[in-house]
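So in numbering that gives the first Met the number 0, spot 70 of the sequence shown is number 69, and the numbers just go up one at a time. Ideal Cβ placement from N, Cα and C applies to all residues, glycine included.
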Amino acid sequence: MPPSPGQDKQVGLAGPFAGVHNDALIVAGGANFPDKLPWQNGKKVWWDDAFVLLKGTDGEYEWLDKRLKLPRPLAYGVSISTDDGVICIGGCDGERCYSDVFLLKWDPKTKRIVTRALPPLPKPLAFMAGAKVGSTIYIAGGQESMKESAATKTFLALDLSKEDDAKEFQWRKLWPWPGPERILSVAAGQNDGAADSFFLFSGRNVQPGREPQFLTDAYRYRPKDKSWTRLTDILGKKKDGTDGRCAMAASGIASGAAHVLIFGGDDAADWGAGAMHPGFPRDILAYHTITDTWVKAGRMPGRSPVTTTAVRWDDGIVIPSGEIRPGIRTPRVWQGEREEVRGFGALNYSILAAYLAVLVCMGVYFARREKTTDDFFRAGKRIPWWAAGLSIFGTQLSALTFMAIPAMSFSTDWRRFMGNMMIVVAAPFIILFFLPFYRRLDVTTAYEYLEKRFNVVARLLGSVMFIVLQFGRIGIVLLLPSLALSTVTGIDLYACIAVLGVLCVVYTVLGGIEAVIWTDVIQVIVLMGGAILCLVLIPLRIAGGLGAITDVIAEADKMRVLDFRLDLSAPTFWVLVLGGFFAQFISYGTDQAVIQRYLTTRDEKSAARGIWTNALLCIPASLIFFGIGTALFVFYTAYPQQLDPTMAKGDAIFPLFIVTQLPPGVSGLLVAALFAAAMSSLDSSMNSVATAVTTDFYGRFNPEAPDRRRLALARWVTVIVGAAGTIFALVMAGWEIRHLWEQFVRYLGLFGGGLAGLFFLAIFTRRASGTGAVIGVVAAAVGQFAVERLTTIHPWFYPVTGIVVCFVAGYIASLLIPGPRKKLAGLTIYTLAAERKARREKR
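Dropping the structure here:
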């Protein structure tokens, strides 16, 4: 750091405000002993200077050669980096503590810092800790006066999203943690697997007339339910404060998906040593918020600073200045970046390449049989029921199941298992009320039925909604395995997405639905075989046997399945059962990617067998994948040093285990299984969108077009859809998404609810008209937008709200705006029931 004005050199600063804004590091204020050290009767000086570190065009860093100042000399407050600037909170000088809160904005054009006042604290405060969780800043601890140091249990919050509301944009007093008062503690905002939370660690409890108490404890505050939880002590194995270590005045920061890093800190081992103090510990501690475990993740390369702030700058962490021994500062600025050390290995790459080559060869093989659009879209109705069932299972399974379900049960528990089981409950309804219309009307797409029942507008609307839904699905399913391979091997994420997308397009274009189904069969075998192998291998790696495993599971309550709270904002039993049940009708009753499988079998009975095959396979599959997540939790609780503190996505936890803990060859096979899971869904989506575009749009308005032209169009549409889905995945790669399974459920409910409601109106009512049905879909879209924006309803419940709003609004609109009378023979369940009765009487 450059020297302060009037100084020959910079000795460093303790307690500066530090943060990053507009790609510049701001270091402002702070205190030091510029002339003599404390034991030499040196005078402590507080500063008002602000320094700015910029990136040069050559990649080098340089300090701005311009004097910038704070409103007053200030140090030992809290600084929070935001998109709007660096928020500086409280602090002190040599005489008093302050309640001021202000924003520092770096203007790269004028090369100046712009200061803006924010709501002040309700009382003066310094030496506290703070962090941002979501849009809210939390402040914990601190002292109110410099004359008589007394730690407090202050806990305050400021919601930055309320800035436009003067009444609401104020600091709120919250209920504090269940532990002693403290100053110089460490705070961080991080996800705990279930929700974003505020974490508070260590500190020092100072009170007039008492010996200082050096704290080793740790706490989590979860804003969602306003609750505090005592955590394992720092580097300890208990929660009673008997075996931890102090880390007061350390810098802490969230890292990856579920870690908090603490750099050094004062362990109080040499408290009072003065000039003989050897310096603070150099350990970098890593706390994992899901398993509640601590490890030493590394060491600082030089003397470890305290009373400073760790800030994130691009992909690295920066720690400016600070105190390296009592009274002694450092002018250094440390920068840490993730070190890529992993590789996938030649054997693993060979296995993966061989597997992908087999899939392409299958596409080439089946290309010889794809002579017509009926071959390309329905495989000439020559697919056996068991293969169709496995293909449905593979389509619905996808990489979401292989990665996201283990990640979810690793992070939380088994409550979402109930949602998966709803396919078993819904299967008979789908077979009884949906399947007959698709088979007996001899349609190619499900949306042809909507035109027969309503009108062409309903058909086109349904088809468009399906296509939009599939683009989202393609993006998510492409992103998941690419993300996994990139995270655990260091391979470029965007290259992974591109390669996977191209391969899927190639064999889908060549082989049509027949290649899709038979590759799905192979991929289901590979996928389930790999999953079973992992479920066997993970427990074998855990010392202590079954007893140790069950103890960890019981203590963490990882097997909780039933939650009967009447709360629509959480994954409770009612939300999962109702939401899961209604979601099945979106996936199995209106999704062309699945319905197309019904149409490839010989007859309706074979299609029904395929549906039951898929439904029954979901039971062991869910048990296996939820079980893998729980087994991973036990493994990483026992061996937290095997976790990667820089792993950015929680969904990569299973691939991390595969690549780092399994021998070469086995890990290659399991990554191939992961790719199988993704490709079994991608190929289905691409082919079904091509079917919808060719049949519902081109074929509908060009009925005389030769079949050869339709087949060529279908292949080109497959290429375009694959390219568009790949681009969408590349865009999604830059989004902040915690759990992709939850994101997919959200997407499915928001866009699929209205589509399913359209089919409910068609099948279960006589009075619904085409105009009314379209109004119902529009009402569902508006309703779903309102539900997401204005309520806290859990995404698993979105299918219920979408279907119900569409059905009710569509039916009422149909009564008010009746359409022209149509013959409904064979188009509703009422005429369907009459047909069944007539067939029975003939027998």
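How far does the alpha helix (DSSP H) with Glu61 in it extend, from its first residue to its last?
Residue numbering aside, residue 61 sits at position 62 when the sequence shown is read from its first letter. Looking at the DSSP string, Glu61 is not in any alpha helix (DSSP H); the run it does join, the beta strand (DSSP E), is Tyr60 to Trp62.
Could you tell me the boundaries of the beta strand (DSSP E) in which Cys87 lies?
Counting from 1 along the sequence shown, the entry for residue 87 is found at position 88. Residues Gly84 to Ile88.
Does Met275 pass the burial test, meaning 16 or more other C-beta atoms within 10 Å, or should it be called exposed?
Numbered from 1 along the sequence shown, position 276 holds the residue referred to as residue 275. Met275 comes out exposed.
Buried or exposed: Glu180, going by 16 or more other Cβ atoms within 10 Å of its Cβ?
Translated into positions along the sequence shown, residue 180 becomes position 181. Note on Glu180: 16 or more other CB atoms within 10 angstroms of its CB, so buried under the neighbour-count rule.
In three-state DSSP terms, what is Ser3?
Reading the sequence shown from its first residue, position 4 is the one you call residue 3. If DSSP states are grouped into helix, strand and coil, Ser3 belongs with coil.
Would you report the Cα separation of Leu710 and Thr694, rounded to the nearest angstrom?
The sequence position of residue 710 within the sequence shown is 711, counting from 1. The sequence position of residue 694 within the sequence shown is 695, counting from 1. Their backbone Cα atoms lie some 10 Å apart in a straight line.
Could you work out which residue in Pro663, Phe758, Met299 and Gln395 is closest to Leu460 when comparing CA atoms only?
Residue mapping note: residue 460 aligns to position 461 of the sequence shown, counting from 1. Considering only alpha carbons, the answer is Phe758.
On the criterion of 16 or more Cβ atoms from any shown chain inside 10 Å, does Cys245 qualify as buried, or is it exposed?
Position 246 of the sequence shown, counted from the first residue, corresponds to residue 245. Answer is buried; the Cβ neighbour count reaches 16.
From Leu124 to Gly141, what does the alpha carbon distance come to, in whole angstroms?
Here residue 124 is taken as the residue at index 125 of the sequence shown, counted from 1. Here residue 141 is taken as the residue at index 142 of the sequence shown, counted from 1. Between Leu124 and Gly141, the alpha-carbon positions lie close to 6 Å from each other.
Under a three-way DSSP split, which group does Leu710 fall into?
Taking the first residue of the sequence shown as 1, we reach residue 710 at position 711. The answer is helix: DSSP assigns Leu710 an H, G or I state.
What does DSSP give as the partner residues of Arg559 in its beta bridges?
Here the question's residue 559 lines up with position 560 in the sequence shown. DSSP lists no partner for Arg559.
Relative to the alpha-carbon of Lys648, which residue among Ser254, Phe198, Ile88 and Gln39 has its alpha-carbon at the smallest distance?
As a working note, residue 648 is residue 649 in the sequence shown. Answer by Cα proximity: Ser254.
Taking Cβ to Cβ, would you say Gly192 is nearer than 8 Å to Trp795?
Counting from one through the sequence shown, the residue named residue 192 turns up at place 193. Counting from one through the sequence shown, the residue named residue 795 turns up at place 796. In this structure, the beta-carbon distance from Gly192 to Trp795 does not fall below 8 Å.
What distance in whole Å lies between the Cβ atoms of Arg281 and Met299, which are believed to be in contact at a cut-off of 8 Å?
Here residue 299 is taken as the residue at index 300 of the sequence shown, counted from 1. Here residue 281 is taken as the residue at index 282 of the sequence shown, counted from 1. Taking a contact as a CB-CB distance under 8 Å, the pair Met299 and Arg281 counts as one, their CB atoms being some 4 Å apart.
Since Val77 and Gly89 are thought to touch, with beta carbons under 8 Å apart, how far apart are those beta carbons, to the nearest angstrom?
Along the sequence shown, one-based indexing puts residue 77 at 78. Along the sequence shown, one-based indexing puts residue 89 at 90. Sure, about 6 Å apart at Cβ, within 8 Å.
Note the first and the last residue of the continuous beta strand (DSSP E) segment covering Ile261.
For the purposes of this step, residue 261 is taken as residue 262 along the sequence shown, with counting starting at 1. Where Ile261 is concerned, the enclosing beta strand (DSSP E) stretches over His258 to Phe262.
Can you find at least 3 beta carbon pairs, one from the segment 620-630 and one from the segment 386-401, that sit closer than 8 Å?
Using a Cβ-Cβ distance cut-off of 8 Å, the segment 620-630 and the segment 386-401 are in contact, since at least three pairs of beta carbons, one from each stretch, lie closer than that value.
Just mark Lys223 as buried or exposed, buried being the case when its beta carbon has 16 or more other beta carbons within 10 Å.
Counting from 1 along the sequence shown, the entry for residue 223 is found at position 224. Flag for Lys223 reads exposed.
So, does the segment 47-54 touch the segment 345-354, judging by three or more C-beta pairs under 8 Å?
no
Going by Cα to Cα distance, which pick from Val132, Pro663 and Ser226 is closest to Ala156?
One-based indexing of the sequence shown puts residue 156 at position 157. When each option's Cα is compared against that of Ala156, the closest is Val132.
How about Lys122 and Ser148: are their beta carbons less than 8 Å apart?
Locating residue 122 in the sequence shown gives position 123, counting from the first residue. Locating residue 148 in the sequence shown gives position 149, counting from the first residue. Result no, Cβ atoms of Lys122 and Ser148 do not sit closer than 8 Å.
Evaluate Leu565 with the Cβ neighbour count: other Cβ atoms within 10 Å of its Cβ, from every protein chain shown; 16 or more gives buried, anything less gives exposed.
Mapped onto the sequence shown, residue 565 falls at position 566. The residue in question, Leu565, is exposed, as its Cβ has fewer than 16 Cβ neighbours within 10 Å.
If the criterion is Cβ atoms closer than 8 Å, does the pair Val508 and Arg714 meet it?
Position 509 of the sequence shown, counted from the start, is the residue given in the question as residue 508. Position 715 of the sequence shown, counted from the start, is the residue given in the question as residue 714. The answer is yes: Cβ separation under 8 Å.
Work out the CA separation of Glu450 and Val456 for me, nearest whole Å.
Position 457 of the sequence shown, counted from the start, is the residue given in the question as residue 456. Position 451 of the sequence shown, counted from the start, is the residue given in the question as residue 450. Rounded to whole angstroms, Val456 to Glu450 spans 7 Å at the Cα level.
Can you list, in chain order, the residues of its chain whose CB lies under 6 Å from that of His258, leaving out five sequence neighbours each side?
Start at 1 with the first residue of the sequence shown, and residue 258 comes out as number 259. Answer for His258: Ala285, His287 and Pro644, listed in chain order.
Should Asn21 be labelled buried (16 or more other beta-carbon atoms within 10 Å of its own) or exposed?
Position 22 of the sequence shown holds residue 21. With fewer than 16 other Cβ atoms within 10 Å, it is exposed.
Quick one: grab the DSSP three-state call for Thr114.
Position 115 of the sequence shown, counted from the first residue, corresponds to residue 114. Assignment of Thr114 by DSSP, reduced to helix, strand and coil, places it in the strand class.
CB Gly14 to CB Ala27, shorter than 8 Å?
Mapped onto the sequence shown, residue 14 falls at position 15. Mapped onto the sequence shown, residue 27 falls at position 28. The answer is no: Cβ separation not under 8 Å.
Taking the Cβ atom as the reference point for each residue, do Ile289 and Ser134 lie within a distance shorter than 8 Å?
As a working mapping, residue 289 is identified with position 290 in the sequence shown. As a working mapping, residue 134 is identified with position 135 in the sequence shown. No; because the gap between Cβ atoms is not below 8 Å, this pair is not in contact.
Assuming Phe101 and Cys91 are in contact, meaning their beta carbons sit under 8 Å apart, how far apart are those beta carbons, in whole angstroms?
Counting from 1 along the sequence shown, the entry for residue 101 is found at position 102. Counting from 1 along the sequence shown, the entry for residue 91 is found at position 92. Distance from Phe101 to Cys91 at the Cβ level is roughly 15 Å; contact not present, criterion being Cβ atoms closer than 8 Å.
To test your reading of the DSSP string, which unbroken alpha helix (DSSP H) runs of 4 or more residues are found completely within the segment 635-687?
652-660
Output needed for Gly529: all residues of its chain with C-beta closer than 7 Å, excluding positions within five of it in sequence on either side, in chain order.
Here residue 529 corresponds to residue number 530 of the sequence shown, with the count starting at 1. Shown here for Gly529: same chain residues with a beta carbon closer than 7 Å to its own, the five before and five after excluded, namely Leu668, Leu669 and Ala672 in chain order.
Since Asp195 sits in a beta bridge, which residues does DSSP pair it with?
Within the sequence shown, the letter at position 196 stands for residue 195. Bridge partners of Asp195: Asn190.
Do the segment 787-806 and the segment 581-600 make contact, defined as three or more Cβ pairs closer than 8 Å?
yes
Nearest by alpha-carbon distance to Val19: which of Phe32, Gln9 and Val85 is it?
On the sequence shown, position 20 is the one that residue 19 refers to. It is Val85.
Check for me: the alpha helix (DSSP H) holding Gly408 runs from which residue to which?
Along the sequence shown, one-based indexing puts residue 408 at 409. Note on identity: in this sequence residue 408 is Ser, with Gly being the wrong assignment. Here the alpha helix (DSSP H) through Ser408 covers Ile404 to Ser410.
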